[in-house]
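**Student:** First residue of the sequence shown? That's 609 in my numbering, and the numbers climb one at a time after it.
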Amino acid sequence: MLINVTRSSLPPFEEYIDEIRSIWETKWLTNMGEKHNQLEKELETYLGVPFVSLFTNGHIALEMAIEALNLTGEVITTPFTFASTTHAITRHGLTPVFCDISPSDYTIDVERIESLITDKTSAIIPVHVYGNICNVHEIDKLAKKYNLKVIYDAAHAFGVALNGQGIGSFGDISMFSFHATKVFNSIEGGALTFSDEKYKNRLYQIKNFGIASPESVIFAGGNGKMNEFCAAMGICNIRHVNEDINNRKLVVERYKERFMGVKGLTLLQEQKGVSQNYAYFPVVFNEKQFGKTRDEVHAALAKENIIARKYFYPLTNNYECYSGRYNSNYIPVAKYISERVLTLPLYGELTQQDVDRVCNIVLAD
Ligand SMILES: *Cc1c(COP(=O)(O)O)cnc(C)c1O
């Protein structure tokens, strides 16, 4: 039987039907309706952030955050991420400046940021990776010192808090993705979170064509509005997300039991003071110590109908569309991890037997 790398969370069928019933009464399908506004409020509470603005998806949210902050010139970011982060930067005519990642948590290496800052730098767009968070305090210090904006790609960090403070409250703006494959989904969807109220109205206008009032359009905005059916899915899923994260935790604990102490395997380290969301289970394979390469393990699993993912590989700076463009900074850690990392199947409904099946194949001689 196929075991996929992830499986989308769905509420009980009847629960969703009950949730969307009122849409047949209101006939209000999109444009900041009841469901949309309710989900925004519920997420402000759940994520522990002052403000949430919902979007069609995480990527368009990130692009609209870049627009809201009027970024120019160069943006410091990492290539160890999903296509979305780098594309959002280049699609706005900005130049990504690639910074290496930390070998312990795979997020941006704060020791290397300062040397990449030039008089053209307007922002840092770091990525919280696999639910691990960036060194937000150091990044904050650098941003203040050099007057830079900070947008976090928090697509992996739903529900994560640092010493009880919602991770989406750091930096100027954070982007969350509610794509079907994420810990929390609204089918497709995304959100920006922020602490400064002034962004609320600006983002509302950017995602709604730059319309300020029925007869006044003040700039060329886009369309990034979340519809009522997606918001209704979000409202249902948020009721179950804690239970789901708990089930994910059990899966992760079983993986750890099986892999702990195996030579040549590096597992994700828990960060101090950071609540986990168990979004991904990445393993870094050191082929010399482990005896097999990442690609060999990937193929062995595929042969048994188990889909693991080389995530993130390739690095975004190596994409065809970027090769030879932009800087090829010194990024040895990102290169090393990207060539050796495999994320294993992980979702709440994955049984212990299936986890053991995956482990047996990974560990087989
Ligand atoms: C999923 C993801 C995105 C994009 O989110 P969508 O909702 O799919 O547009 C951006 N960055 C990272 C790191 C992601 O994992």
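Idealized CB from N, CA, C, for every residue including glycine.
1. Please classify HIS764: is it buried, with 16 or more other beta-carbons within 10 angstroms of its beta-carbon, or exposed?
2. Looking only at DSSP bridge pairs, what is ALA731 linked to?
3. How many Å lie between GLU719 and VAL705 at the Cα?
4. Below 8 Å, how does it come out for the region 858–869 and the region 909–918: are there three or more Cβ pairs, yes or no?
5. According to DSSP, simplified to helix, strand and coil, what is ILE914?
6. Shortest alpha-carbon distance to ALA691 belongs to which of VAL735, GLU675, LYS649 and VAL949?
7. Excluding the 5 residues flanking TYR919 on each side, which residues of the same chain have their C-beta closer than 6 Å to its C-beta?
8. So the alpha helix (DSSP H) GLY767 belongs to, where does it begin and stop?
9. Who does ALA799 pair with in a DSSP beta bridge?
10. Check the C-beta distance from LEU770 over to ILE747 and give it rounded, since I have them as a contact under 8 Å.
11. Tell me where the beta strand (DSSP E) around VAL892 begins and ends.
12. In whole angstroms, give me the CA-to-CA distance for LYS815 and MET640.
13. Is it the case that the Cβ atoms of MET783 and GLY798 are separated by a distance below 8 Å?
14. From the DSSP output, in three-state form, read off ILE631 for me.
15. Who sits around ligand 1, taking every residue whose Cβ is closer than 6 Å to one of its heavy atoms?
16. Check the DSSP bridge columns for ASN809 and list the partner residues they point to.
17. Going by the CB atoms, is the gap between TYR624 and MET841 shorter than 8 Å?
18. With a threshold of 8 Å on Cβ separation, who are the neighbours of GLN813 within its own chain once the five nearest residues in sequence on each side are excluded?
19. For the beta strand (DSSP E) holding VAL966, just list the boundary residues, first then last.
20. According to DSSP, simplified to helix, strand and coil, what is ILE775?
21. Could you tell me which residues DSSP puts in a beta bridge with LEU702?
22. Between ALA916, GLN884, GLN877 and ASP903, which lies nearest to ASP713 when the distance is taken from Cα to Cα?
23. Where does the unbroken alpha helix (DSSP H) through SER946 begin, and where does it stop?
24. Does DSSP put SER821 in a helix, a strand or coil?
**Tutor:** Per the coordinate set shown:
1. buried
2. VAL683 and LYS757
3. 15 Å
4. no
5. strand
6. VAL735
7. THR951
8. GLY767 -> no alpha helix (DSSP H), and no H or E assigned at all.
9. LEU662 and PHE784
10. Wrong, their Cβ atoms sit about 12 Å apart, outside the cutoff.
11. Boundaries of the beta strand (DSSP E) harbouring VAL892: 889–893, taken from the DSSP string.
12. Spanning the two alpha carbons is a distance of roughly 11 Å.
13. yes
14. helix
15. ASN665, GLY666, HIS667, THR689, PHE690, SER692, THR693, VAL735, ASP761, ALA763, HIS764, SER785, HIS787 and GLY798
16. Per DSSP, none; premise fails for ASN809.
17. Cβ distance < 8 Å, so MET841 and TYR624 count as in contact.
18. ILE819, ALA820, ILE826, PHE827 and GLY829
19. Counting along the chain, VAL966 falls outside any beta strand (DSSP E), though it belongs to the alpha helix (DSSP H) covering 960–971.
20. helix
21. According to DSSP, LEU702 bridges with nothing at all.
22. GLN877
23. 940–948
24. In the structure shown, SER821 sits in a strand (DSSP, three-state: E or B).
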